[in-house]
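Numbering (UniProt numbering), first residue to last: 1 to 196.
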């Protein structure tokens, strides 16, 4: 099966079956305007040097939102770590990522009696925000962990191992040194994810 995905940060048409046996880390990247995202691009560029990583860019693969569920499930089947990387959109994920979860995490495959496809796989949420950390200290239940609850609950429901999220704050206005440090933290987390 031919598919478009990022491998080593080069967008290319490759035969997915050639790489399925070697996927250790699968990054599902969802940015509606990937060409406009400097921080997410920098994150992907930095981690793409890791040969154990395959990056699937949903908005490049499915601009019409017509997700190939079987192809996505095959890719997830081969991964040990699933990373959901995206910018924060109104305290949530972009619509195509939500649709991807709805379509790919099917009953009988991801959850339900006898479902083992996601059992014991690890899930890492990697999210970028325009605001600084303090921006998320609002409301009756302040803190970023509240925003992680839907994905955390999904991981638990699918018998996955939830890893503490990687949050890159200040995508619009943070100092370059701060962004660099946060991106290096992301790289280090992926390099040592089995220790989490």
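Idealized CB from N, CA, C, for every residue including glycine. Because the structure is a prediction, the values reported are computed rather than measured.
Test item: CB-CB of residue i and residue j under 7 Å
i: residue 149; j: residue 168; result: no
i: residue 174; j: residue 86; result: no
i: residue 193; j: residue 84; result: no
i: residue 67; j: residue 100; result: yes
i: residue 46; j: residue 172; result: no
i: residue 200; j: residue 113; result: In the structure displayed, the chain extends from 1 to 196; residue 200 sits before or after that span and is not available.
i: residue 111; j: residue 157; result: yes
Proximity winner among the options, relative to residue i (alpha-carbon distances)
i: residue 69; options: 114, 92, 50 and 97; result: 97
i: residue 89; options: 32, 45, 63 and 118; result: 32
i: residue 77; options: 112, 189, 25 and 128; result: 25
i: residue 125; options: 152, 184, 159 and 53; result: 152
i: residue 95; options: 112, 109, 111 and 62; result: 62
i: residue 170; options: 109, 117 and 180; result: 180
i: residue 93; options: 36, 74, 60 and 128; result: 128
i: residue 60; options: 28, 49 and 147; result: 28
i: residue 74; options: 117, 36 and 185; result: 117
i: residue 165; options: 145, 71, 36 and 79; result: 145
Extent of the continuous beta strand (DSSP E) run through residue i
i: residue 85; result: 81-87
i: residue 163; result: Segment: none, residue 163 is in no beta strand (DSSP E) and carries neither H nor E.
i: residue 54; result: 53-57
i: residue 116; result: Taken as a continuous stretch (DSSP letters only), residue 116 belongs to no beta strand (DSSP E), as it is neither H nor E.
i: residue 26; result: 25-29
Whole-number beta carbon distance between residue j and residue i, since they are thought to touch under 8 Å
i: residue 161; j: residue 122; result: 4 Å
i: residue 49; j: residue 34; result: Actually they do not touch by this definition, with Cβ atoms about 19 Å apart.
For residue i, the first and last residue of its enclosing alpha helix (DSSP H)
i: residue 145; result: 144-157
i: residue 187; result: 176-191
i: residue 76; result: 69-78
i: residue 94; result: Element bounds for residue 94: n/a, residue is neither H nor E.
Inset, instruction - Tell me, please, whether the stretch 34-54 touches the stretch 104-119 by the rule of three or more beta-carbon pairs shorter than 8 Å. - result: no
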